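See below for the structure under consideration.
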Amino acid sequence: MKKLIISALILATSFNASADHKIVSVGSNITEILFALDLDDQVVAADKTSTVPPEAEKIATLGHPSNVSMEGVFSYHPTSYISDDRFPNPTLISKLEAANIDVLVLKQALTLDDLFEQIKVISVHYGKAAEGKALIHELTEKEAKLKRIPEKEQVKAAFLYGRGSLLMMGANTTVDHLFSLAQIKNSFDFEGTKPVNPESVIIANPDALVTVDKALRQEEDKSRFFELPGMSATNAGKNKSITTIPIKQVNIGLKTIDTALELNKHFYDK
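Using mature numbering (1 follows the signal peptide of the UniProt record, and there is no 0), the letters of the sequence shown map in sequence onto residues -19 to -1, 1 to 251.
Here is the structure:
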C-alpha cells in the first residue's frame, strides 16, 4: 500500500485511515505534528532530531534524517513511513514501496502555509481530520495575534549558526520566514544558506545577530561571533547585540509563531 505526497498533492491509492498503525516518522516537525494529533501511541520510531515534545525522545532511535538506515527502519516492522523531502532517500522509499508499506513524503515546511498543509494532509491520512482542523485553528489564532502587532521601523538581523564554520541564512529559508513573521528584516538578501564571509557581513550591516541557544551556553561564546572578520564594522558588532532562538525553531514547526512573538518582543518591547 503506497502513498506519496509531493508539494502536498496526494498521488496514490486508498489507505485505511481508521486502523492502528506502526508509524516511522523522519523529521522533527513531522513527529511533533503526529504527537499533537494524538497519534503518539502509533509512532514506533523516529529520527534522532525528534525530541519535541519531550515524550518523543524515547522513540527517537533512528539516525539523523539525512542518514536514516534502511535496516533501522525495517527493524520496527512499520506499516507506515512518513517524512518530508528535505533529505531525499529514494532507495529507502523504493524498498518500502516494494514491501507494500504505506509511504508519505511531504514538501518541507518553509512557511506557515506549508505547515498548515502538512497538518491537513497528515490528519486526513491517519483519520484525525477533526484534530487537524482544531490544531490549524489554534495556530491561525496565534498568527492573527502576530498580525495585530503594530508595525515599527524594522530591526535588521543576521542569523548565523553552525558547529564548525558558521553559515548565514538568506532569503527563502525557514529563518527568513520566521524573521518576517516577527517583523524583522533579514540582513542577507541572497537565496538559501552560505558560509560566512567578511564582505557579506559588512554589506549586510546587521543591527543584531541571532543564533541558536546551544551556540551561546556561556558568555564567552559570544566572542566566536563578534570576532568574525568584518563584524566589528557592523552595528551588531559595535553594540555587541546578539540573541538566540531554540535550536528546534530553525525549522518551521508548531512553536514557530511563539518564537516569532518572542523575537518581536525582544527587539521592539523596550
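The beta carbon of each residue, even a glycine, is placed where N, CA and C say it ideally should be. Here the structure is a predicted model, which means the values were calculated and not measured.
For residue i, the residue or residues it bridges with in DSSP
i, result
"residue 109", "Note: residue 109 sits in no beta bridge, so no partner."
"residue 175", "149"
"residue 61", "4, 83"
"residue 190", "139, 223"
"residue 41", "Looking at the DSSP assignment, residue 41 forms no beta bridge with any residue, so it has no partner."
"residue 114", "Answer by DSSP bridge pairing: none, since residue 114 is not bridged."
"residue 167", "138"
Unbroken beta strand (DSSP E) run spanning residue i, endpoints
i, result
"residue 32", "Note, residue 32: premise wrong, no beta strand (DSSP E); not H, not E."
"residue 4", "4 to 7"
"residue 260", "The chain is shown only over -19 to 251; residue 260 falls outside these bounds and no answer can be derived."
"residue 155", "Premise fails: residue 155 lies in the alpha helix (DSSP H), 155 to 162, not in any beta strand (DSSP E)."
"residue 49", "Element bounds for residue 49: n/a, residue is neither H nor E."
"residue 24", "24 to 27"
Endpoints, alpha helix (DSSP H) assigned at residue i
i, result
"residue 241", "237 to 249"
"residue 219", "216 to 220"
"residue 76", "71 to 79"
"residue 204", "204 to 207"
Rounded Cβ spacing between residue i and residue j (contact assumed at less than 8 angstroms)
i, j, result
"residue 14", "residue 235", "7 angstroms"
"residue 224", "residue 182", "Contact flag wrong, Cβ pair sits at about 17 angstroms."
"residue 194", "residue 226", "7 angstroms"
"residue 151", "residue 174", "7 angstroms"
"residue 65", "residue 39", "22 angstroms between Cβ atoms; not a contact."
Outcome for residue i when other beta-carbon atoms lying within 10 angstroms are tallied against a minimum of 16
i, result
"residue 99", "buried"
"residue 10", "buried"
"residue 70", "buried"
"residue 31", "buried"
"residue 218", "buried"
"residue 125", "exposed"
Tell me, please, whether the region 44 to 59 touches the region 137 to 146 by the rule of three or more beta-carbon pairs shorter than 8 angstroms.
In this structure the region 44 to 59 does not lie against the region 137 to 146, because fewer than three pairs of beta carbons, one per stretch, are closer than 8 angstroms.
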